Amino acid sequence: MNFWEKITGSDMTKEMKAFESRVKKLPADYQEAWEQINAYLWPNSDFTGRNLMPIFDGVLGLLEETAGNGQSVQEVLGDDIKGFCSALAGEEGAKSHQDKWREQLNAAVAKKLGKLGG
């Protein structure tokens with residue numbers, strides 16, 4: 010990836026288009042699940058969303074493999090897609106801006122309290 014692609018995000022646009030073309034080959038229920046996964050994972054993105062690309066690729070690979078094996082989407086993801094995405098984002102360490110700001114605020118407060126108490 011060159012500097013221009015990184016600044017404009019064109020590399021991510023290409024990658025998302027490639028994901029979408031792969032999704033179109035999946036059964037309809039898998040495509041619906043993918044749309045929900047997209048909706049639930051994007052709030053966990055960093056400023057650019059690049060932190061989600063490996064997660065999206067892994068989830069799409071899982072969906073492709075299980076669809077090829079004839080499994081239903083419920084067998085793979087369960088009934089709680091939002092919970093699946095929350096667990097996935099947490100395991101992969103995909104933190105949103107709010108998470109990062111919360112950590113910074115907590116650290117700053119702890120530091121101030123440590124100075125006042127000490």
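Just so you know, my numbering puts 12 at position 3 of the sequence shown, and the rest follows in order with no gaps. Here a beta-carbon is modelled for each residue, glycine too, at the ideal position from N, C-alpha and C. Since we're looking at a predicted model, the values are computed, not measured.
Going by DSSP in three states, residue i sits in which element: helix, strand or coil?
{"i": "residue 99", "result": "helix"}
{"i": "residue 114", "result": "helix"}
{"i": "residue 40", "result": "helix"}
{"i": "residue 88", "result": "coil"}
{"i": "residue 58", "result": "coil"}
{"i": "residue 122", "result": "helix"}
{"i": "residue 35", "result": "coil"}
{"i": "residue 80", "result": "coil"}
{"i": "residue 11", "result": "coil"}
Can you name the start and end residues of the alpha helix (DSSP H) that residue i belongs to?
{"i": "residue 70", "result": "62-77"}
{"i": "residue 20", "result": "19-32"}
If distances are taken between C-alpha atoms only, which option among the options comes closest to residue i?
{"i": "residue 34", "options": "97, 65, 77, 56", "result": "77"}
{"i": "residue 80", "options": "56, 22, 36", "result": "36"}
{"i": "residue 57", "options": "90, 123, 70, 20", "result": "20"}
{"i": "residue 71", "options": "23, 46, 123", "result": "46"}
{"i": "residue 88", "options": "61, 22, 39, 17", "result": "39"}
{"i": "residue 18", "options": "53, 43, 62, 85", "result": "62"}
What's the gap between the Cα of residue i and the Cα of residue j?
{"i": "residue 28", "j": "residue 118", "result": "42 Å"}
{"i": "residue 98", "j": "residue 31", "result": "22 Å"}
{"i": "residue 26", "j": "residue 122", "result": "49 Å"}
{"i": "residue 16", "j": "residue 84", "result": "40 Å"}
{"i": "residue 93", "j": "residue 49", "result": "9 Å"}
{"i": "residue 24", "j": "residue 90", "result": "23 Å"}
{"i": "residue 73", "j": "residue 51", "result": "21 Å"}
{"i": "residue 96", "j": "residue 43", "result": "16 Å"}
Is any non-hydrogen atom of the ligand GTP found closer than 7 Å to the C-beta of residue i, if you look at the structure I gave you?
{"i": "residue 96", "result": "As far as ligands go, the structure on display features none, and thus does not contain the ligand GTP."}
How about the stretch 54-71 and the stretch 113-124: do they share at least three Cβ pairs that are nearer than 8 Å? no
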